[in-house]
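Everything below concerns the one structure shown next.
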Amino acid sequence: MVEPQNAKPDTSDQPSDAGRRIFLKTMIVVAAGAALAGVLKGAIGEIIAPQVGLSSFPTLKIVDSSGSPILFNDIPVNTPTTWLFYYPLSNDPNFLIKLGNSSGSPISVGPAKVTIPADGSTYVFPGGTGPEGSQAIVSYSAICQHLGCVPPEIHFYPPGQAIPGTPYGASDNVYGIIHCSCHGSTYDPKNGAAVLTGPTSRPLPNTVLKYNPDGTISALSMVGPTIYGKASNLTGGNPFPKGQTTTTVTNTNEA
Ligand code: FES
């Protein structure tokens, strides 16, 4: 067959057009990739909390919900109501407990050497806080060291109260016991929240308090194991706002 004399070759697929299409496709892929990377970065940021924190322990005065300082006599002895405050970061709950005997009189809680069963190491619990001769107030992390249960699962049982599911009957509980109902761990608040029964193999971290000359109480630091689930007591959460000098108690009625 003879080609028409004036027929022109088809130039629609010449290299310049093909290159343009490849370039456009490449740009679309790059743009989609960049968008996906942005989405993933945001999602990962949601999953992995930034390791914000502090470089040293803050000193925070313990106050009530109206901002008034909690005084020694404001805290009931042996109360089954859970008094919680947050320290050293704003999402770290701690018990505030005034220990007493079975008659309801405050006791003086002395220092104690505490063993960490997990590794056999020891540390010194400095004892309770309060006026001379009446250092009855103690504070511990309110996050169970076994698997992280928090109040009301973990809470303080006053003296004379039997603890269901444990060997501790009413007469065994002389100065109060902290018990976690998730899996049965018990801690001794009179002796640095040492482990009484597992499955936990770590005591509750002790929040060190100071009794101030004006009768107020401040949180100063922590000793013992690291708070459950954290690499350091000073990171892994949200610091209090800059310049804040107080931490507020919340009371939880659970008796
Ligand atoms: S989380 Fe408290 S005993 Fe398991």
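The working numbering numbers the first residue of the sequence shown as 43 and each following residue consecutively.
Just so it is clear, CB atoms sit at the ideal spot from N, CA and C, and this is done for glycine as well.
Exposure of residue i, with buried meaning 16 or more beta-carbon neighbours within 10 Å
i	result
GLY146	exposed
LYS232	buried
THR289	buried
GLY87	Because GLY87 sits at a pLDDT of 43, beneath the cut-off of 50, its placement in the model cannot be relied upon, and the following sentence gives the value as read from the coordinates. With fewer than 16 other Cβ atoms within 10 Å, it is exposed.
ALA160	exposed
VAL250	buried
GLN177	buried
ASN48	Below a pLDDT of 50, predicted positions are generally treated as unreliable, and ASN48, at 45, falls in that range; no measurement from the model is reported.
ASP214	exposed
SER181	buried
Check whether residue i and residue j have beta carbons under 8 Å apart
i	j	result
LEU10	LEU276	Because the chain here runs from 43 to 297, residue 10 falls outside it and cannot be looked at.
ILE112	ILE185	no
ILE139	PHE198	yes
VAL151	GLY169	yes
GLY266	PRO247	yes
LEU102	SER263	no
Opening and closing residue of the beta strand (DSSP E) in which residue i lies
i	result
ALA154	154 to 157
ASP230	228 to 230
LEU238	236 to 239
PRO137	A small correction: the amino acid at residue 137 is Phe; Pro does not occupy that position in the sequence shown. Per DSSP, PHE137 belongs to the beta strand (DSSP E) from 135 to 140.
ALA261	259 to 265
ILE185	From DSSP, ILE185 is part of no beta strand (DSSP E); its letter is neither H nor E.
ASN248	248 to 253
Short CB-CB distance (under 8 Å) between residue i and chain D
i	result
PRO206	Looking at the structure shown, chain D is missing, and only one protein chain is on hand.
Meets three-Cβ-pair contact criterion under 8 Å: the stretch 118 to 137 and the stretch 158 to 174: no
Segment contact, 8 Å Cβ cut-off, at least three pairs: the stretch 185 to 195 with the stretch 217 to 229: yes
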